[in-house]
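J.: Using my numbering, the first residue of the sequence shown is number 1, and each one after it goes up by one.
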Amino acid sequence: MGITGGNMIIAETGTLALFENEGNIRMSTSLPRVHVALIGIEKVIETWDDFGVLMPLLSRSAAGQKMPTYLSLITGPKRSGERDGPEAFHLILLDNGRSAVLGDTVLRESLFCLRCGACLNVCPVYKRIGGHSYGWVYSGPIGILLDSELLPAGSARDLAFACTLCGACAEVCPVMIEHPKMILDFRRRLAEDPSWNGRETLSRTFPMRLHSWLAVRPALFRFAGFVARCLQAVAAPSGEWRWLPGTLAAWGTRRKIPRFMRPFSSRWKSLKLNKR
Ligand code: SF4
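In structure tokens form, the structure reads like this:
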């Protein structure tokens with residue numbers, strides 16, 4: 001039995017569309033006697049005209065191609081006289097919380113996602129922490145939303161607060177999903193959720209409060225940066241931190257700890273002076 005997912009289903013003819021660049025999906029769909037395709041209900045599109053728009057959108061945003069190297073369009077098992085293909089074809093349409101998301105006036109937009117991955121490639125947080133930190137198959141900006149919607153409540157809490165709301169994801173998204181707007185709304189819901197408020201700890205709130213206090217006091221902010229760079233010169237002379245104290249230690253176990261740099265304002269000033 002060959003098992004696949006699916007990129008789209010064209011409702012007009014009941015055709016399953018599979019996009020790939022390697023050919024391994026095509027092997028799973030043609031060699032075994034049975035093909036089972038498991039696909040989320042949000043991947044059903046209405047017509048071939050829709051497919052004509054979405055196919056190049058997905059290919060371009062995912063891999064810069066006009067179309068995938070292998071595009072399989074499957075409408076049932078092999079017919080009499082055909083040499084390749086399974087004898088039986090089963091399509092499983094998965095809801096798993098998607099209908100509930102569809103009823104949510106703000107978060108429903110996330111169901112438009114084509115899974116091209118463009119938003120991951122531009123996300124500064126994803127680039128820093130990597131896909132495994134999201135703990136599930138969906139990562140990056142769209143992962144924050146899908147994980148929060150499709151996994152048990154609260155699964156993406158920390159990830160929602162890791163987002164910088166820079167908006168790069170929304171700029172590149174081919175289906176114009178506004179991730180920051182939805183992530184902000186998700187944060188609002190968490191803030192209003194009594195079970196989440198109860199779990200807020202000092203280690204979570206203190207650094208953010210300290211940062212917001214410093215951020216509106218430029219002289220103190222610059223001084224704090226100076227102190228941090230002095231500490232770095234002593235504790236990590238090469239600029240590479242090997243460990244951090246207390247609860248921060250976990251950050252250094254799997255990834256590089258960012259180094260404190262000269263502030264942008266001072267680099268900008270010297271750039272302008274050099275130009276003169
Ligand atoms: S949210 Fe947009 S950019 Fe991100 S994977 Fe989905 S379609 Fe691509």
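Each residue gets a CB set at the ideal place from its N, CA and C atoms; glycine is no exception.
Any idea what DSSP makes of G252, helix, strand or coil?
T.: What you label residue 252 is simply residue 252 of the sequence shown in a count that begins at 1. Here G252 sits in helix by DSSP.
J.: Output the residues surrounding the ligand SF4, defined as those with a CB atom closer than 6 Å to any ligand heavy atom, in chain order.
T.: So the residues near the ligand SF4 by this Cβ test are S61, C113, L114, R115, C116, G117, A118, C119, I142, V172, C173, P174, V175 and I177.
J.: Can you tell me which of S155, L165 and P152 puts its alpha carbon nearest to the alpha carbon of P141?
T.: Looking up residue 141 in the sequence shown gives position 141. Nearest of S155, L165 and P152 to P141, Cα basis: L165.
J.: Measure the alpha-carbon distance for A277 versus I257 and round it to whole angstroms.
T.: One cannot answer for residue 277 here, as it falls past the ends of the chain, which runs 1 to 276.
J.: Using a 10 Å radius around the Cβ and a threshold of 16 neighbouring Cβ atoms, would you call M1 buried or exposed?
T.: Reading the sequence shown from its first residue, position 1 is the one you call residue 1. By the 10 Å Cβ count, M1 comes out exposed.
J.: Would the stretch 176-186 and the stretch 108-117 be scored as touching if the rule is three or more Cβ pairs under 8 Å?
T.: Taking a cut-off of 8 Å for Cβ pairs, the stretch 176-186 and the stretch 108-117 touch, as three or more such pairs fall below it.
J.: Report buried or exposed for R98, applying the criterion of at least 16 other Cβ atoms within 10 angstroms of its Cβ.
T.: Residue mapping note: residue 98 aligns to position 98 of the sequence shown, counting from 1. Buried: at least 16 other Cβ atoms inside 10 Å.
J.: When you compare only the Cα positions, how much space is there between V278 and P32?
T.: The first residue shown for the chain is 1 and the last is 276, placing residue 278 beyond what the model contains.
J.: Which same chain residues end up closer than 8 Å to P56 when comparing Cβ atoms and leaving out the 5 residues on each side of it in sequence?
T.: As a working mapping, residue 56 is identified with position 56 in the sequence shown. Within the same chain, P56 has close Cβ partners K66 and M67.
J.: Per DSSP, G2 forms a beta bridge with which residues?
T.: Working through the sequence shown from its first residue, we reach residue 2 at position 2. H35, per the DSSP bridge assignment.
J.: Using a 10 Å radius around the Cβ and a threshold of 16 neighbouring Cβ atoms, would you call N96 buried or exposed?
T.: Numbered from 1 along the sequence shown, position 96 holds the residue referred to as residue 96. Answer is exposed; the Cβ neighbour count stays below 16.
J.: Tell me whether M261 is buried or exposed, calling it buried when 16 or more other Cβ atoms sit within 10 Å of its Cβ.
T.: Along the sequence shown, one-based indexing puts residue 261 at 261. Burial call: exposed.
J.: State whether the stretch 76-94 contacts the stretch 34-43, with contact taken as three or more CB pairs (one from each stretch) at a distance under 8 Å.
T.: yes
J.: From the DSSP output, in three-state form, read off V137 for me.
T.: Reading the sequence shown from its first residue, position 137 is the one you call residue 137. In the displayed model, V137 falls within coil according to three-state DSSP, outside both helix and strand.
J.: What would DSSP say about S72, mapped onto helix, strand or coil?
T.: By one-based count along the sequence shown, residue 72 stands at place 72. Residue state, collapsed to three classes: strand.
J.: Just the Cα atoms here: how many angstroms apart are T247 and A118?
T.: Position 247 of the sequence shown, counted from the start, is the residue given in the question as residue 247. Position 118 of the sequence shown, counted from the start, is the residue given in the question as residue 118. Approximately 33 Å, taken between the alpha carbons.
J.: Give the secondary structure of F260 by DSSP, where H, G and I count as helix, E and B as strand, and everything else as coil.
T.: By one-based count along the sequence shown, residue 260 stands at place 260. Residue state, collapsed to three classes: coil.
J.: Decide if the stretch 21-37 is in contact with the stretch 75-94; the criterion is three or more beta carbon pairs, one per stretch, under 8 Å apart.
T.: yes
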